[in-house]
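Here the sequence shown stands for residues 0 to 259, numbered as in numbering that gives the first Met the number 0.
First the structure, in the form of structure tokens, and then the observations on it.
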Amino acid sequence: MKWRLYFCLSILTLLATLGCESNQNDLNKTKQEKNSSGIALLNDSESINNSIVKQVYIHEAPKKVSPSEAVIKQFEVEFEDGKKKFPTRKSILFETIIGSNSIVGIRSPEGEHNFAVFQYKHDINWYINSLLRIKYQAENNYNNKLGLALPMNKFNSINLDTQEDGDIWVFVDKETIVAITKFDRYNFNPSNKSKQLKLDNGTSAYLDFDVFNQPNLFYYDSSQLIVISGNVTQSILLEIANSLPSANSIYFPAKKQSNW
0 MKWRLYFCLS
10 ILTLLATLGC
20 ESNQNDLNKT
30 KQEKNSSGIA
40 LLNDSESINN
50 SIVKQVYIHE
60 APKKVSPSEA
70 VIKQFEVEFE
80 DGKKKFPTRK
90 SILFETIIGS
100 NSIVGIRSPE
110 GEHNFAVFQY
120 KHDINWYINS
130 LLRIKYQAEN
140 NYNNKLGLAL
150 PMNKFNSINL
160 DTQEDGDIWV
170 FVDKETIVAI
180 TKFDRYNFNP
190 SNKSKQLKLD
200 NGTSAYLDFD
210 VFNQPNLFYY
220 DSSQLIVISG
230 NVTQSILLEI
240 ANSLPSANSI
250 YFPAKKQSNW
């Protein structure tokens, strides 16, 4: 595997994890390391369900498999008691594939109310380009949606700006996850299952379904491609899309400045 992958992934994973823990105002818990084979590691001291996560490993992706098939082989959690866990197929909440990019959301084996979102890119095979880990925490949640039609009343959030490879915002409560991704515009062929619809502002959007029959929605906004994913219904995806400001807004995806 390319060194670029290990380098970028370790940096992006670290940033995402720090973003997840920023609500606790403790950004010094996470230390970045690499083992001798180049696998990116994270050391964590977070207690989850009386189990303490020691490290998270990102393994090399199997060849010629889909992102959802890859993630259950790549993402490994090790606990302080020596136990190790991988996600299973039942852990996968959605797998959105948009041309050469994919967004995969899972229930993380780290513990209850933990989620992880992976951005995959395709270059001969699918590989993880960035990763966000987030846990719903009632004591640190938000209730001001700032005009964004989220389906949850209270939520935690995390975002990651990968610059060349898109920006991702993730919102969760105990059971629900929504991911909004903004890419620089590129062309691709939608699947045969996709259907076209109109947003309230007249913009053409496309509703598609993944291999788990989970809907996702995407549309072009000037020079940007907006993708909305989650374990929610197609009507909720449409409500979210209709509530989003212009992709060029400095507050996107909120309609005004947020502290998410």
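For glycine and all other residues, C-beta sits at the position ideal for the given N, C-alpha and C.
From a predicted model like this one, the values you see are computed outputs, not experimental measurements.
Task: Residue(s) in a DSSP beta bridge with tyrosine 259 - done: Looking up residue 259 in the sequence shown gives position 260. One point to set straight first is that residue 259 is tryptophan, not tyrosine, in the sequence displayed. DSSP output for tryptophan 259 lists no bridge partner at all.
Task: Start-to-end residues for the beta strand (DSSP E) that takes in leucine 216 - done: Counting from 1 along the sequence shown, the entry for residue 216 is found at position 217. Looking at the DSSP string, the run of the beta strand (DSSP E) that includes leucine 216 is 214-220.
Open item on the list: Can you find the residues in the same chain that come closer than 8 Å, C-beta to C-beta, to alanine 240, ignoring five residues on each side of it along the sequence?
Closed with: Locating residue 240 in the sequence shown gives position 241, where the first residue counts as 1. Result list for alanine 240: Leu198, Ala204, Leu216, Tyr218, Ile225 and Ile227, in chain order.
- [ ] Consider the Cβ of arginine 88: report whether some Cβ of chain C lies at a distance smaller than 9 Å.
- [x] Structure shown: chain C not included; a single protein chain is present.
TODO: Write down the C-beta distance between lysine 153 and glycine 165 rounded to the nearest angstrom, noting that I regard them as a contact closer than 8 Å.
DONE: Here residue 153 is taken as the residue at index 154 of the sequence shown, counted from 1. Here residue 165 is taken as the residue at index 166 of the sequence shown, counted from 1. Not really, about 27 Å apart at Cβ, beyond 8 Å.
Task: Option in Ile97, Ser65 and Phe114 with minimal Cα separation from tyrosine 185 - done: Here residue 185 refers to the residue found at position 186 of the sequence shown. Comparing Cα positions, the closest option is Ile97.
Open item on the list: Going by DSSP in three states, serine 101 sits in which element: helix, strand or coil?
Closed with: Residue mapping note: residue 101 aligns to position 102 of the sequence shown, counting from 1. Three-state result, serine 101: strand.
Task: Residues near asparagine 24 in its chain [Cβ-Cβ closer than 8 Å; skip 5 each side] - done: In the sequence shown, the residue the question calls residue 24 occupies position 25. For asparagine 24, the predicted structure reports a pLDDT of 30, less than 50, and the residue's modelled location is therefore unreliable. A value from the coordinates is still provided. Once the five neighbours on either side are set aside, asparagine 24 has no close Cβ partner at all.
Task: Cβ-based burial, valine 55 [other Cβ within 10 Å; buried from 16] - done: Within the sequence shown, the letter at position 56 stands for residue 55. Buried is the call here.
Task: Between the CA atoms of glutamate 77 and glutamate 111 - distance to the nearest angstrom - done: In the sequence shown, residue 111 corresponds to position 112, counting from 1. In the sequence shown, residue 77 corresponds to position 78, counting from 1. Their Cα atoms are separated by approximately 15 Å.
Task: Residues of its chain near isoleucine 133, where Cβ-Cβ distance is below 7 Å and the 5 sequence neighbours each way are ignored - done: By 1-based counting over the sequence shown, the position of residue 133 is 134. Contacts found: Cys19, Phe114, Asn155, Ile157, Val169 and Val171.
Open item on the list: So, at 6 Å on beta carbons, what are the nonlocal neighbours of glutamine 256 in its own chain, with the 5 sequence-adjacent residues on each side left out?
Closed with: Start at 1 with the first residue of the sequence shown, and residue 256 comes out as number 257. The answer, listed in chain order, is Tyr250.
Task: Beta-carbon separation (whole angstroms), aspartate 207 vs proline 189, contact threshold 8 Å - done: As a first step, residue 207 is located in the sequence shown; it is residue number 208 there, counting from the start. As a first step, residue 189 is located in the sequence shown; it is residue number 190 there, counting from the start. Aspartate 207 to proline 189, Cβ: 6 Å. Contact.
Task: Cα-Cα separation between glycine 37 and glutamate 68, rounded to whole angstroms - done: Numbered from 1 along the sequence shown, position 38 holds the residue referred to as residue 37. Numbered from 1 along the sequence shown, position 69 holds the residue referred to as residue 68. Only weak support is given to the placement of glycine 37: the predicted model assigns it a pLDDT of 33, under 50, and the question is left unresolved by the model.
- [ ] Would you mind stating whether isoleucine 57 and isoleucine 127 have Cβ atoms separated by less than 9 Å?
- [x] Counting from one through the sequence shown, the residue named residue 57 turns up at place 58. Counting from one through the sequence shown, the residue named residue 127 turns up at place 128. Taking 9 Å as the Cβ cut-off, isoleucine 57 and isoleucine 127 qualify as a contacting pair.
- [ ] Can you tell me which of the three DSSP states arginine 88 falls into?
- [x] Within the sequence shown, residue 88 is the residue found at index 89, counting from 1. Reduced to three states, the DSSP call for arginine 88 is helix.
Open item on the list: I'd like the list of long-range same chain contacts for arginine 88, defined as Cβ closer than 7 Å, with 5 residues on each side in sequence excluded.
Closed with: Within the sequence shown, the letter at position 89 stands for residue 88. If we look at arginine 88 and ignore the five residues flanking it on each side, its Cβ neighbours are Ile71.
- [ ] Take alanine 246 and list the residues in its own chain whose beta-carbon comes closer than 7 Å to its own, dropping the five residues that flank it on each side.
- [x] Here the question's residue 246 lines up with position 247 in the sequence shown. Cβ neighbours of alanine 246 beyond the five flanking positions: Lys181, Asp220, Ser221, Gln223 and Ile225.
- [ ] Note down the Cα distance separating isoleucine 179 from aspartate 80, rounded to an integer number of angstroms.
- [x] As a working note, residue 179 is residue 180 in the sequence shown. As a working note, residue 80 is residue 81 in the sequence shown. So the alpha carbons of these two residues sit roughly 36 Å apart.
TODO: State the Cα-Cα distance for the pair glutamine 195 and glycine 201, rounded to the nearest angstrom.
DONE: By 1-based counting over the sequence shown, the position of residue 195 is 196. By 1-based counting over the sequence shown, the position of residue 201 is 202. The alpha-carbon atoms of glutamine 195 and glycine 201 are separated by roughly 12 Å.
Open item on the list: Distance check for phenylalanine 93 and threonine 232, CA to CA, integer angstroms please.
Closed with: Counting from 1 along the sequence shown, the entry for residue 232 is found at position 233. Counting from 1 along the sequence shown, the entry for residue 93 is found at position 94. Distance between the alpha carbons of threonine 232 and phenylalanine 93 is about 12 Å.
Task: Beta bridge counterpart(s) of leucine 196 as assigned by DSSP - done: Numbered from its first residue, the sequence shown carries residue 196 at position 197. Answer by DSSP bridge pairing, in chain order: Ala204.
TODO: On the DSSP bridge assignment, give the partners of glutamate 68 in chain order.
DONE: Here residue 68 refers to the residue found at position 69 of the sequence shown. Answer is none; glutamate 68 lacks a bridge partner.
TODO: Please confirm whether valine 52 and glutamate 138 have their CB atoms less than 9 Å apart.
DONE: Numbered from 1 along the sequence shown, position 53 holds the residue referred to as residue 52. Numbered from 1 along the sequence shown, position 139 holds the residue referred to as residue 138. Cβ atoms of valine 52 and glutamate 138: not closer than 9 Å.
- [ ] Please name the residue or residues paired with aspartate 166 in a DSSP beta bridge.
- [x] In the sequence shown, counting from the first residue as 1, residue 166 sits at position 167. Per DSSP, Asp160 and Lys181.
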